Structure formats: structure tokens, C-alpha cells
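Down below is the structure, laid out as C-alpha cells.
Residue numbers (my numbering): 9 to 179.
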């Protein structure tokens with residue numbers, strides 16, 4: 009996917025459940041939960057951050073697994089337990105100096121609708137609910153938690169003309 013709208017992106021924000029994960033939560037008998045993250049999504053985020061693109065998550069649910077994953081990847085912004093995502097978007101824009109039109113947001117369900125209407129490139133994962141897909145400028149081929157974030161990271165790097173030089177280190 010090469011989309012010229014992505015060439016202006018300075019900030020990538022995303023939801024977590026249904027975007028960085030497939031939306032599944034497994035509870036164990038001792039009140040712990042297991043959340044599975046996609047390694048390829050994580051590597052894509054690292055490449056994006058290495059290219060100078062800021063990243064962050066804004067999600068409604070709190071999770072110690074998310075805190076750990078954000079820390080391990082070095083994601084710049086993590087706001088969890090959030091019911092209204094637009095004020096957090098405005099806060100991040102002020103901190104980064106990025107404009108809303110230079111921001112992409114990846115979502116999958118109705119709590120993402122308001123923030124998707126505020127950013128330059130709203131993105132829906134393939135298995136997002138219909139209202140989110142209808143709002144999106146881009147819909148990924150891959151579903152949430154199964155490489156959708158990596159797909160967008162690669163597309164941003166390609167749109168910015170950074171991909172060819174980036175992959176040289178592995179050739």
C-alpha cells in the first residue's frame with residue numbers, strides 16, 4: 009500500500025484492543041489476564057520511531073500487559089483508562105508540535121470515532137466495525153492484532169520515501 013496522504017504523517021496514534029491485539033482477553037483463575045501482541049507490529053513501530061515518527065496509544069482499558077509492551081517498544085505516549093480520546097489527542101499535539109492533519113489514528117470500534125474525525129488520516133483495521141470503516145480514509149488488509157499496525161508503519165515509511173534505505177541494513 010502506498011498512499012500519498014501518509015507522506016505527511018509525523019505522529020501515529022492507535023487504540024489497543026482490536027488494533028494492537030486481536031481484541032481477545034484470556035482470564036486465568038487467579039484474576040490475571042493474558043493479552044497477545046503481534047511481534048511484527050512491534051517491529052514496525054520501532055522502525056517508524058527510528059525514522060523520527062512519534063507514536064502513542066490511547067485506550068479505554070487499563071492493562072499491566074499494555075504498560076509493559078509500551079515500555080519495551082519505547083512508544084512515546086500511553087494513555088489508558090480514557091473514555092474521551094479527543095482531549096488526549098489535543099494534549100499530545102501540543103506536546104509534539106504535530107498538527108492534527110499530520111496525525112494518523114488507527115481504530116477499530118465506536119470509542120475511536122470521535123478521534124478519527126479529528127486527525128488527518130483516520131485508519132480502520134480490516135475487522136473494524138462498519139461505522140469505523142466508513143469513517144476511515146484507509147482500511148488495512150490485515151485485521152487488528154494480526155499485522156495491521158505493521159502494514160501502516162511500512163506504508164508510512166514507503167510514502168515518506170524512507171523504505172528503500174531502511175531495508176538496506178538487512179540486505
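We treat Cβ as the ideally placed atom computed from N, Cα and C, and that holds for glycine.
Just so it is clear, the structure is predicted and the values come from calculations on it, not from any experiment.
Item: Going by alpha carbons, who is nearest to residue 74 out of 50, 103, 125, 132?; Value: 50
Item: If I'm right that residue 152 touches residue 30 with Cβ under 8 Å, what's the distance once you round it to whole angstroms?; Value: 6 Å
Item: Under 8 Å, with one C-beta from each stretch per pair, do the segment 134–150 and the segment 54–63 reach the 3-pair mark?; Value: no
Item: Near residue 93, which residues of its chain fall below 6 Å by C-beta distance, leaving aside the five closest residues on each side in sequence?; Value: 66, 123
Item: Between the alpha carbons of residue 23 and residue 76, how many angstroms are there, rounded?; Value: 16 Å
Item: Looking at residue 62 and residue 84, is the spacing between their C-beta atoms short of 7 Å?; Value: yes
Item: In the DSSP assignment, find the beta strand (DSSP E) that holds residue 85 and state where it starts and stops.; Value: 85–87
Item: Name the two residues that bound the continuous beta strand (DSSP E) containing residue 131.; Value: 129–132
Item: In angstroms, rounded to a whole number, what distance separates the CA positions of residue 154 and residue 103?; Value: 30 Å
Item: So what does DSSP say about residue 114, is it helix, strand or coil?; Value: strand
Item: Which same chain residues end up closer than 6 Å to residue 86 when comparing Cβ atoms and leaving out the 5 residues on each side of it in sequence?; Value: 65, 78
Item: With 16 as the cutoff for other CB atoms within 10 Å, does residue 34 come out buried or exposed?; Value: exposed
Item: Which residues share a DSSP beta bridge with residue 64?; Value: 21, 85
Item: Please report the Cβ distance between residue 26 and residue 127, rounded to the nearest whole angstrom; I am assuming they are in contact, meaning their Cβ atoms lie under 8 Å.; Value: About 18 Å; that fails the 8 Å criterion.
Item: My output table needs one value for residue 166: the three-state DSSP class, helix, strand or coil.; Value: helix
Item: Find the nearest neighbour of residue 70 within the set 80, 88, 60, judged by alpha-carbon distance.; Value: 88
Item: Could you check how far apart the C-beta atoms of residue 137 and residue 117 are, in whole angstroms? I think they sit under 8 Å.; Value: 5 Å
Item: Between which residues of its own chain and residue 167 is the CB-CB distance below 8 Å, once the five residues before and five after are set aside?; Value: 10, 11, 12, 13, 14, 15, 17
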